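Converting from the sequence shown to this note's numbering requires adding 23 to each position, the first position being numbered 1.
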Amino acid sequence: MKKTAITTKILIAMGLGLICGSLINTFAAEIDFIQTYFVNGLFHIIGAAFVNALKMLVVPLVTFSLICGVCGIGDIKILGRVGFKAFGLYLFTTALAISVALTIAIIIAPGADFESAATAIEFTPKAAPPLTDVFINIIPSNPINAFAEGNMLQIIFFVIVFAIALLISGEIGKPIIDLATRLNEVMMHVVTIVMNFAPIGVFFLMAKTFAEQGLGLILPMISYFAVVVICLLLHGLGTLSLLLKIFARLSPIIFLGKMRSAHIFAFSTASSNATIPVTLQVVEQRLGVNNSTAAFTIPLGATINMDGTAIMQGVATIFIANVYGIDLGLVEYITVIGMAILASIGTAGVPGVGLIMLAMVFNQVGLPVEGIGLILGVDRLLDMIRTTVNITGDAVVTCIVARGENTLDDAIFADPNAGVITDITHPE
Ligand code: ASP
C-alpha cells in the first residue's frame, strides 16, 4: 500500500469535518438527538480528547528540546543574542501587524452603519494579569508548579537556567544532557504517534465547530469579519512572506507549503500553545532550522508573539468605536498599539485569549467593554484564522533568527520530502 503523508489525510479530514458540520448547522440545528449525541457528544468528546493529547506533548517536549537547544548553543552570550533578536522581532512584527490593521480599518470604517448595538451578547471579561506581575512572574517561585500549570514563560526561564548550570557542571552534567537528548528524540516519536490520530481528531474538531458556527452568525457582522480576514491574509501571506524573503532569503512559497500541517493544527485547535509540538516538528525537520534556535524561539513565540490577535484587536477597536460613535484620536491609536503588544506578552496562546486582551485595550482607551459581546459570536472562527497567522509569525521570525545565526540548513529547506510524517503503520 502506498504511503500517504499524514498531512494529506488530515487535510481531507478537515474538509470532510467542515462539510459535515456545516450540513448539521443547516439541516439539523434543531434536532435534539443530533445535537446531544453527536455535536455535544461524540464530536465534542473526541475533539477535546485530541486537543488534550496535543497539550500532553507540550511541556515534556519543550523541556527536553530546550535543554538540548541551550546545551547545543553552549555559549551564554550566543543564547542572549538569539533571545534578544527573537524578542525584538516578535515585538516588531506584532507592531507592524496592528498598525496595518488599524490603517485598513480606519479607511474601510467597518461598523459605521451598524444597525443596533442591542444585539450584543453579554460579555464579562476575565481579569487580565497586571503588567508588573507578568514580569515578576516570569521567574517561577516553584518550578514544579510552573510545569504542572504549563506556564510557558516560567518553564522557559527555569529550563534555560538549568541547562546553563548543566553546561557549567562539565563532566557531571554530561550524562543529563545525554539523557535529555535521548528523551527529546523519544518525545519526537510521541509527537508522531499523536499525529497519526490527527485525521480523526481534526475531523471531529472541525465538525463540532462548524455545526455551531453557521453563516447566520457571520452575516450581520460581515463588515467586521471581512476586514479582519483581509488584514490577516495580508499580513500572513504578504508582510510575513516579504520579511522571510528579505531577511532569511527563503522562498515564501516553499515555506507556506511546508507549514501546512502546522497551519491545519493551529486552525482546528485555535491554540498556538497546543500547536507547539507540530510547529517545532515542522520548523526543525521540514524547514531545516537547528534545534538550538527553534527550541527557544518557538515556545517563546507561542506565548509572546500574536500578530493575528493584534490584528483582530486593531480592527475590533475601530469597529466598536464606529458602532458606538466614539471618536478616537492619534493618542488612542498609539495606546492601542502599545497595549496590544504588551498584552500579548503576558497571555498564553490559548483559544479566546484575544478577547481578554481586547478588554484590557478597551479599558485603556475608554471604549465600552460590553461592546466585545457584539463580536463574540464570530470570534471562534476568527480565532482559528488568527491563530494560524500567529504561528506563521513564530516560524518566520525563527527562520530569520536562524539565518542570522547560521543555524538554518538550506538543503533541508529545499528538500520537499524532508521531515514528512507518514503513517506509522507503514514505516519506511
Ligand atoms: N487563540 C490564539 C492563539 O492561541 C490567541 C487569541 O487570539 O485568542 O494564538
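For every residue, glycine included, the Cβ atom is placed at its ideal position computed from N, Cα and C.
Computed from a predicted structure; not experimentally measured.
- Per DSSP, the beta bridge partners of T445 are A28.
- A169 is positioned such that its CB atom lies closer than 8 Å to that of F181.
- Measuring C-alpha to C-alpha distances from L310 to each of K100, G442 and F107 identifies G442 as the nearest.
- Distance between L303 and N296, taken at the CA atoms: about 11 Å.
- For G375, the number of other beta carbons within 10 angstroms of its own is below 16, and it is reported as exposed.
- No heavy atom of the ligand ASP is found nearer than 7 Å to the CB of R403.
- The closest heavy atom of the ligand ASP lies less than 7 Å from the beta carbon of N296.
- When distances are taken from the beta-carbon of D330 to the heavy atoms of the ligand ASP, even the shortest one reaches 7 Å or more.
- Shortest gap from the CB of R409 to any heavy atom of the ligand ASP: under 7 Å.
- The DSSP-derived three-state label of L431 is strand.
- According to DSSP, V312 shares a beta bridge with L431.
- Shown here, P83 sits in a helix according to DSSP, grouped into three states.
- Of the other Cβ atoms in all chains shown, 16 or more fall within 10 Å of the Cβ of G324; this residue is therefore buried.
- Using a Cβ distance threshold of 8 Å, L125 and F319 do not count as a contacting pair.
- Contact between the segment 200-212 and the segment 333-348 is absent: fewer than 3 CB-CB pairs across the two stretches fall below 8 Å.
- Cβ neighbours of L41 within its own chain (closer than 7 Å, five residues either side excluded): M229 and F233.
- Of the candidates P222, F50 and E393, P222 places its Cα closest to the Cα of I444.
- Here the C-alpha atom of V251 lies approximately 54 Å from the C-alpha atom of E194.
- Using a cutoff of 7 Å, the CB of D406 counts as near the ligand ASP, since one of the ligand's heavy atoms is closer than that.
- Rounded to the nearest angstrom, the gap between the Cα atoms of G44 and L65 is 13 Å.
- For G239, the shortest C-beta to heavy atom distance toward the ligand ASP is 7 Å or greater.
- For Q336, the uninterrupted alpha helix (DSSP H) segment begins and ends at D330 to V346.
- Set against 7 Å, the gap from the CB of N168 to the closest heavy atom of the ligand ASP is not smaller.
- When the Cα atoms are used, R426 and A271 turn out to be separated by approximately 5 Å.
- Between I299 and V85, the gap from beta carbon to beta carbon is short of 8 Å.
- F319 sits in a helix when the DSSP states are folded into three classes.
- Inter-residue distance for C422 and F50 is about 45 Å (C-alpha atoms, whole angstroms).
- DSSP places L256 inside the alpha helix (DSSP H), whose first and last residues are I245 to L256.
- For the ligand ASP, no non-hydrogen atom lies closer than 7 Å to the CB of A249.
- Per DSSP, reduced to three states, the secondary structure at I223 is helical.
- Under the DSSP assignment, E307 falls outside any alpha helix (DSSP H); it carries neither an H nor an E label.
- I276 and F436 have their alpha carbons spaced roughly 11 Å apart.
- About 14 Å separates the CB atoms of F73 and F290; that is not less than 8 Å, and the two are not in contact.
- Counting along the chain, E355 sits inside the alpha helix (DSSP H) bounded by residues L353 to G369.
- Fewer than three beta-carbon pairs drawn from the segment 392-411 and the segment 356-363 are found closer than 8 Å, and the two stretches are therefore not classed as touching.
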